[in-house]
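Visitor: Residue numbers (the numbering used here): 64 to 135.
Structural data, given as structure tokens:
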């Protein structure tokens, strides 16, 4: 079983790339700093539920989609 941090990181990268967004563009849309998005993707930062929700909204997905395993 993968950790929640690993699931969020993998799903964030996959969804961001699917939407054709850079880390900077996603961060801007979510009202976050680009380095924060990079750190979450590299699993070096913990993420709050508030920021998880901001990223989900910016990606146009439900929050749970950042937390469930996907076969990609």
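Think of the CB as a built atom: it goes at the ideal place given N, C-alpha and C, for glycine as much as any other residue.
(1) If you reduce the DSSP assignment to three classes, tell me which class residue 113 lands in.
(2) Indicate the three-state DSSP secondary structure (helix, strand or coil) for residue 124 in the structure shown.
(3) Between the C-alpha atoms of residue 111 and residue 122, what's the straight-line distance to the nearest angstrom?
(4) Indicate the three-state DSSP secondary structure (helix, strand or coil) for residue 130 in the structure shown.
(5) When you compare the CB positions of residue 106 and residue 69, do they come within less than 8 Å of one another, or not?
Guide: Taking the geometry as given:
(1) Reading the chain shown from its first residue, position 50 is the one you call residue 113. The answer is helix: DSSP assigns residue 113 an H, G or I state.
(2) For the purposes of this step, residue 124 is identified with residue 61 of the chain shown, where counting begins at 1. In this structure, residue 124 counts as coil in the three-state DSSP scheme.
(3) The residue given as residue 111 occupies position 48 in the chain shown. The residue given as residue 122 occupies position 59 in the chain shown. Per the coordinates, the alpha-carbon of residue 111 lies some 17 Å from the alpha-carbon of residue 122.
(4) Start at 1 with the first residue of the chain shown, and residue 130 comes out as number 67. Correct three-state label for residue 130: coil.
(5) Within the chain shown, residue 106 is the residue found at index 43, counting from 1. Within the chain shown, residue 69 is the residue found at index 6, counting from 1. The answer is yes: Cβ separation under 8 Å.
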